[in-house]
Amino acid sequence: LLSNFYLLATMHLMGIGLDINSVMVTVLGVGVGIDYGIYLLSRIIEEYHAQGQDWAKGISEALTTTGKAIMFTATIMLIGILPWYFLSDLKFMADMGLLLAALMLINMVLALMVLPLLVWLIKPQFATRTDLMVGESFDMSMFQDPAGDDDLPAGAAPAK
1227 LLSNFYLLAT MHLMGIGLDI NSVMVTVLGV GVGIDYGIYL LSRIIEEYHA
1277 QGQDWAKGIS EALTTTGKAI MFTATIMLIG ILPWYFLSDL KFMADMGLLL
1327 AALMLINMVL ALMVLPLLVW LIKPQFATRT DLMVGESFDM SMFQDPAGDD
1377 DLPAGAAPAK
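Going left to right, the sequence shown walks through residues 1227 to 1386 as this note's numbering numbers them.
Shown next, in the form of structure tokens:
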């Protein structure tokens, strides 16, 4: 939501109207922004439990691991998209390249700054539940074939 607000403000400042091209950029940006948020929130929750249910340590560890990955990914995307603005002869392609680059940057900043701040302030209750966690200690036996033929789907009989 915040990234779209900033994108619309950027579009207004650049004099770009809302049309089919800019709507596609908005949709793509929302998807990437949601991904960044999911990656970081998942890691914050994982680190929250690993650090003895300490929000500060959990957020700090998540930012030093997944935060670096988000920054790296966004930087690579920016390096690939930003040249569209300078190299494209088509105005709409140049504008969309600049908008997409701005949106990637906005999503990265919001994911790395606003999301941890909101988690710190709100301290979501769902994050404290351990029954929602799936990791290395998850019992996979319920997904295996009782006959021991693990390469078959559960309940499937081997071909004769």
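Here a beta-carbon is modelled for each residue, glycine too, at the ideal position from N, C-alpha and C.
Nearest-angstrom beta carbon gap, residue j and residue i [assumed within contact, 8 Å]
{"i": "L1266", "j": "L1341", "result": "6 Å"}
{"i": "L1338", "j": "M1297", "result": "7 Å"}
Where residue i falls: helix, strand or coil (DSSP)
{"i": "G1255", "result": "helix"}
{"i": "D1261", "result": "helix"}
{"i": "P1342", "result": "helix"}
{"i": "R1355", "result": "coil"}
{"i": "G1241", "result": "coil"}
{"i": "L1227", "result": "coil"}
Beta-carbon gap between residue i and residue j smaller than 9 Å
{"i": "M1330", "j": "V1253", "result": "no"}
{"i": "S1248", "j": "N1333", "result": "no"}
{"i": "L1325", "j": "M1240", "result": "yes"}
{"i": "A1327", "j": "Y1274", "result": "no"}
{"i": "I1270", "j": "G1284", "result": "yes"}
{"i": "M1237", "j": "G1243", "result": "yes"}
Proximity test, Cβ basis, 9 Å: residue i and chain C
{"i": "V1253", "result": "Going by chain labels, chain C is absent from the structure shown, which holds only one protein chain."}
- Query: Can you list, in chain order, the stretches of the alpha helix (DSSP H) that have 4 or more residues and sit fully within the segment 1306-1337?
  - Reply: Entirely contained in the segment 1306-1337, the alpha helix (DSSP H) runs reaching 4 residues are, in chain order, 1309-1313, 1317-1335.
- Does the segment 1282-1293 touch the segment 1312-1321, meaning 3 or more C-beta pairs lie closer than 8 Å? no
- Item | alpha helix (DSSP H) runs contained entirely in the segment 1269-1294, provided each spans 4 or more residues | none
- Message: Quick check: the segment 1336-1352 against the segment 1303-1318, are at least 3 beta-carbon pairs closer than 8 Å?
- Response: no
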